[in-house]
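Shown next, in structure tokens, is the structure this report addresses.
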Amino acid sequence: MLNITRQTLRVIPRRAFASGDKPQDPVPQSQLDIEKNESQGQSWLSRILTGPAGNPDFHKQSHSSMLAASEVVYEIQTHDATTGNKEGYLKAYDTYSKEAQSTNPGLKLVGSFQVVYGNQDQFVHLWRYAKGWADVDQQVRSLTQGSLRSADTDVAKLCTRRRNVLTKPFSYWGEPKERDPSHIYDMRTYVLKPGTMIEWGNAWARGITYRREHNQDVGGFFSQVGQLYMVFHFWAYKDMVHRNHTRHDTWSKPGWDVNVQYTVPLIKKMNSKILVPTPLSKLQ
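Residue numbers are given in the working numbering: position 257 of the sequence shown equals residue 310, and the series is strictly consecutive.
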């Protein structure tokens, strides 16, 4: 518990990234503003530090239990389709998605996207497992038999490579909500240094408040199975011009620069892809 407390308290600086042992005065205006915003993430932060009221076993919980508030699990699939066969792939995946949701009522295809800038001929699909690991177990059983196995095989024949990651949603972010047409999506992935997930969560519990003014926040997830210490952020924009304007506007907000300065050292690798929704997506 001592290590977690140290990590958490480091996210509440009283002098932003001052050098040396003595605090520097005057306090930068950006730091005054970020301290004003601390209360907005405090309920989540309090849960990290002290746990839910009346739970004496809190400190025995895993990090995922502290970062996520529900049993819901999300699967992020990445498929590299064979070149020149987009229509055939989407038709096969449509059949697969319908069969999967029919076989396992706890599954829901929330997002389905084609990458337009990043990896060409690539598709990303976001699945929600309402009952968490129980639905995952059901999906594992379903994929080994019957019509779902056949539909999955048909999709595989149209791909050169397939990857998936099981994740949990960050509790302070909330879950993705359906969006009407039309948006582009920026999927940002981060591979963090081992042992820094709590620090990342603490920083972004405050940082997300700078990014909600334009309703661009879709969802934030951290991996449980697959590449570990991996984080996914999904953002929605009207178009690339709106994306550029929104990002510039965020940098003009006092305190955002402090959040970025703190989180960047936690990252080992990062990537951005621009996505457009397929007709199968609930996020348009």
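Using N, Cα and C, we set each Cβ at its ideal position, and we do this for glycine too.
Quiz prompt | Residues near Tyr-263 in its chain [Cβ-Cβ closer than 6 angstroms; skip 5 each side] | solution = Thr-303, Lys-306 and Trp-309
Quiz item: How about Phe-274 and Pro-222: are their beta carbons less than 9 angstroms apart?
Solution: Cβ atoms of Phe-274 and Pro-222: closer than 9 angstroms.
Quiz item: Any idea what DSSP makes of Tyr-225, helix, strand or coil?
Solution: Correct three-state label for Tyr-225: coil.
Quiz item: Terminal residues of the continuous alpha helix (DSSP H) containing Lys-139?
Solution: It spans 139-156 - the alpha helix (DSSP H) in which Lys-139 sits, taken as one unbroken run.
Quiz item: Per DSSP, what kind of secondary structure is Ser-195 in: helix, strand or coil?
Solution: helix
Practice problem: Tell me whether Val-189 sits in a helix, a strand or coil according to DSSP, three-state version. | Solution: helix
Quiz item: Taking Gly-164 as the reference, which of Glu-140, His-236, Ser-200 and Ala-209 has the closest Cα?
Solution: His-236
Practice problem: Could you check the C-alpha separation between Leu-143 and Gly-227 for me, to the nearest Å? | Solution: 29 angstroms
Quiz prompt | Backbone secondary structure at Val-294 - three-state DSSP | solution = Val-294 falls in the helix class under three-state DSSP.
Self-check item: contact_flag[the stretch 200-209, the stretch 151-161] where n(CB pairs < 8 angstroms) is 3 or more
Solution: Taking a cut-off of 8 angstroms for Cβ pairs, the stretch 200-209 and the stretch 151-161 touch, as three or more such pairs fall below it.
Exercise. Can you have a look at Thr-331 and say buried or exposed, based on whether 16 or more other CB atoms are within 10 angstroms of its CB?
Key: buried
Quiz item: DSSP state of Gly-159, grouped into three classes?
Solution: Coil at Gly-159, not helix or strand.
Practice problem: Closer than 7 angstroms by C-beta to Leu-319: which residues in its own chain qualify, once you throw out the five before and the five after it? Chain order, please. | Solution: Once the five neighbours on either side are set aside, the close Cβ partners of Leu-319 are Leu-245, Lys-246, Thr-249, Glu-252 and Trp-253.
Self-check item: Where Gly-279 falls, given that 16 or more other Cβ within 10 Å makes a residue buried
Solution: exposed
Quiz item: How long is the line joining the alpha carbons of Trp-288 and Ala-258, rounded to whole angstroms?
Solution: The C-alpha of Trp-288 lies about 16 angstroms from the C-alpha of Ala-258.
Exercise. Go to Thr-242, then tell me how far its alpha helix (DSSP H) extends in each direction, as first and last residue.
Key: Premise fails: Thr-242 lies in the beta strand (DSSP E), 237-245, not in any alpha helix (DSSP H).
Self-check item: C-alpha distance - Thr-197 paired with Thr-206, whole-angstrom precision
Solution: If you draw a straight line from the Cα of Thr-197 to the Cα of Thr-206, it comes to about 11 angstroms.
Quiz item: Do three or more CB pairs link the stretch 130-138 to the stretch 184-191 at distances below 8 angstroms?
Solution: no
Quiz prompt | Member of Leu-281, Glu-128, Asn-268 and Gln-314 whose CA lies at the smallest distance from the CA of Leu-160 | solution = Glu-128
Self-check item: Span of the alpha helix (DSSP H), counted from its first residue to its last, around Gln-280
Solution: Counting along the chain, Gln-280 falls outside any alpha helix (DSSP H), and DSSP gives it neither H nor E.
Self-check item: Simplified DSSP assignment, three categories, for Pro-330
Solution: In the structure shown, Pro-330 sits in a strand (DSSP, three-state: E or B).
Practice problem: Please report the Cβ distance between Val-271 and Leu-336, rounded to the nearest whole angstrom; I am assuming they are in contact, meaning their Cβ atoms lie under 8 angstroms. | Solution: 7 angstroms
Quiz item: Just how far apart, CA to CA, sit Met-283 and His-132?
Solution: 18 angstroms
Practice problem: Check each candidate in Met-323, Asp-239, Ala-121 and Ala-145 and name the one with the smallest Cα separation from Ala-297. | Solution: It is Asn, not Ala, that sits at residue 297 in the sequence shown. The option with the nearest alpha carbon to Asn-297 is Asp-239.
Quiz item: Roughly how far, in whole angstroms, is the beta-carbon of Gln-277 from the beta-carbon of Asn-217, given that I think they are within contact range, below 8 angstroms?
Solution: Not quite, the Cβ-Cβ distance comes to about 12 angstroms (not below 8 angstroms), so this is no contact.
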